[in-house]
Amino acid sequence: MNKILKKYLITSLFLLISLLVLAIIISIIKFNTNVSFKTLKTISLIMSSIIFLITGILNGIIHKKRGLINGLIMASFYLHHQ
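Residue numbers for the sequence shown follow the numbering used here, so the first one is 226 and each next one is one higher.
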């Protein structure tokens, strides 16, 4: 049980750090350039979907099964709530 929890913790930590870095990059871009909100929203949506996909693949590599499917499920949940 402890090994499974550790594996999910690794992927969750990767996801949180990646999304935090993305948020920092987008805020820097917003405050230093004249990019419209619509463009930033589109970039954010695309990049976060890619991050969720990579996290799902990482999850699949760590658990040795269904990486791409996990990534697509995570990305679709994210896109559904946008």
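No residue lacks a Cβ here, since even glycine has one placed at the ideal position from N, Cα and C.
Cutting at 7 Å between CB atoms, please list the residues of its own chain near residue i, excluding the five before and the five after it.
{"i": "S237", "result": "none"}
Would residue i and residue j be called neighbours here (beta carbons separated by less than 9 Å)?
{"i": "I235", "j": "I287", "result": "yes"}
{"i": "S261", "j": "L247", "result": "no"}
{"i": "I279", "j": "S301", "result": "no"}
Whole-angstrom Cβ separation of residue i and residue j, contact assumed at under 8 Å?
{"i": "K256", "j": "L283", "result": "Sequence inspection shows Phe at residue 256; the Lys mentioned does not correspond to that position. About 31 Å; that fails the 8 Å criterion."}
In chain order, what residues of the same chain lie with their CB nearer than 8 Å to the CB of residue i, ignoring the 5 residues before and after it?
{"i": "I298", "result": "G281"}
Exercise. Quick one: complete alpha helix (DSSP H) runs, 4+ long, within the region 250–306?
Worked result: 262–288 and 292–305
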